[in-house]
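What follows is a single structure, written as structure tokens, with notes after it.
This is the structure we're talking about:
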């Protein structure tokens, strides 16, 4: 059996309508552009990526695909640099299924599958999945920088990791030079994004500096945008105030979008299904699509600007780095599990985390690349893919030239005090001098949490906890089920830990309920 299913929007070639040549069949989904953000011919794309896999880093856009080399009988699976459009595959030496839908692969395997408990451990501790694993042992996906080659004649699977981005030389630069170059690259990235477009733009405008940098760059190009401010985390009530300072200075219209009390229960289950159950981290993307007043207008996105510009916590010793990050990430999120499972879950996730760090050679820039890609790919990018069904999304900070620039800098130079503000000042002095949440003492501000549960949400979560599959697998003992239910019944509780735990339990329960007929327990 040989099945390929790529069934999303903007399909350029599918299993039913492949792009054929004398030697290759190309099955592809998405929009591929070159580094100048211009459309390219698929024949050029095919010749480039079959000549050298490193050329994938030269292309931008959201795409995934399969190339069948008919002479060698080899399938090459690939996706964009951040794996926004994911591919899933099952191969047992006889049957091969490749799809952009995990659901499609599960339902067409024609055999019972087994749960990958290391993956679930990752979800419960890190809130994302490491590497190329899925929730099932037999089905894999593509991790960051990965190319998969399946030799149908020899019945072998080869994984090629492309970490060329990490091997750029460290160049000595002064603070002043770095500030000027980042400012110019930011404007250049926005220019590529808006080229030949006279549309009204939209963007999220927080009280911080990432979106402020995009706003300054867009304004410097004599373009305007409608902006939105929303509490995407625990946040503070002043978030709107800081965003208003920016929008008023630029003369732009700003909307503040509050969460309704029942937004979570209204959207979360639908969102799980739409995202192949891979993403739970940002269900507010789904909520946001129903709130935006303008449809089908370009949406400028600023994911990872903070991580790129200010870097991340990196202790000097490699082992200290790994252990510190692991301890920070787990943060007791799995505390409601039965005692006899806790150590096993912790060990499994710690081992998988170390494996991922080894791929980046414990290099500081490599760790940053891991943190950006591995953390966000399964969460934010899955959300973005759904969001982009209604809106053209452009991630400014992931323009290849802008993104790669930071891996050629002396590590730590962008951590210097006020460097982010100084970059903005280089583009727009007034915006750079406005106060922001980055230098604000949030401890003195009244919080506006998003974790308030409604009675409907509480009942939804309790039903999930009482799901017969969870109880039959003994994932929770009766005492801890009772404890969690008691906590949930205090539905005005503002505990973010309870909120996060409940999301994952709900995901776990809903996922198992959906696929119980395909899983061998």
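Residue numbers (my numbering): 17 to 537.
Virtual Cβ for every residue (Gly too), placed ideally from N, Cα, C.
Beta-carbon proximity of residue i to residue j, cut-off 8 Å
i: residue 136; j: residue 537; result: no
i: residue 19; j: residue 124; result: yes
i: residue 129; j: residue 155; result: yes
i: residue 95; j: residue 158; result: yes
i: residue 228; j: residue 440; result: yes
i: residue 316; j: residue 413; result: no
i: residue 206; j: residue 237; result: yes
i: residue 219; j: residue 245; result: no
i: residue 44; j: residue 168; result: no
i: residue 118; j: residue 105; result: no
i: residue 231; j: residue 266; result: yes
i: residue 62; j: residue 97; result: no
i: residue 203; j: residue 443; result: yes
i: residue 217; j: residue 233; result: no
i: residue 448; j: residue 432; result: no
i: residue 48; j: residue 42; result: no
i: residue 286; j: residue 272; result: no
i: residue 426; j: residue 76; result: no
i: residue 429; j: residue 191; result: yes
Local Cβ density within 10 Å of residue i, reported as buried at 16 or more and exposed below that
i: residue 38; result: exposed
i: residue 292; result: buried
i: residue 83; result: buried
i: residue 114; result: buried
i: residue 86; result: exposed
i: residue 223; result: buried
i: residue 162; result: buried
i: residue 59; result: exposed
i: residue 109; result: exposed
i: residue 122; result: buried
i: residue 434; result: exposed
i: residue 78; result: buried
i: residue 176; result: exposed
i: residue 314; result: buried
i: residue 100; result: buried
i: residue 81; result: buried
i: residue 208; result: buried
i: residue 289; result: exposed
i: residue 446; result: exposed
i: residue 150; result: buried
Bridge partner(s) assigned by DSSP for residue i
i: residue 82; result: 43, 93
i: residue 165; result: 92, 174
i: residue 114; result: 20, 105
i: residue 410; result: 316
i: residue 150; result: Answer by DSSP bridge pairing: none, since residue 150 is not bridged.
i: residue 245; result: 272
i: residue 538; result: Because the chain spans 17 through 537 in this model, residue 538 falls outside it and cannot be assessed.
i: residue 14; result: Any answer about residue 14 is impossible in this case: the structure gives the chain only from 17 up to 537.
Simplified DSSP state of residue i, which is helix, strand or coil
i: residue 446; result: helix
i: residue 87; result: coil
i: residue 263; result: helix
i: residue 529; result: helix
i: residue 429; result: helix
i: residue 224; result: coil
i: residue 293; result: coil
i: residue 534; result: helix
i: residue 75; result: coil
i: residue 157; result: strand
i: residue 237; result: coil
i: residue 15; result: One cannot answer for residue 15 here, as it falls past the ends of the chain, which runs 17 to 537.
i: residue 36; result: strand
i: residue 475; result: helix
i: residue 434; result: coil
i: residue 211; result: coil
i: residue 451; result: coil
i: residue 193; result: helix
i: residue 415; result: coil
i: residue 100; result: coil
i: residue 137; result: helix
i: residue 57; result: coil
i: residue 65; result: helix
i: residue 188; result: coil
i: residue 145; result: coil
- Assess, as a yes-or-no matter, whether the segment 414-426 is touched by the segment 187-205 under the definition of 3 or more beta carbon pairs within less than 8 Å. yes
- Query: On the three-pair Cβ rule with 8 Å, is the segment 445-456 touching the segment 253-263?
  - Reply: yes
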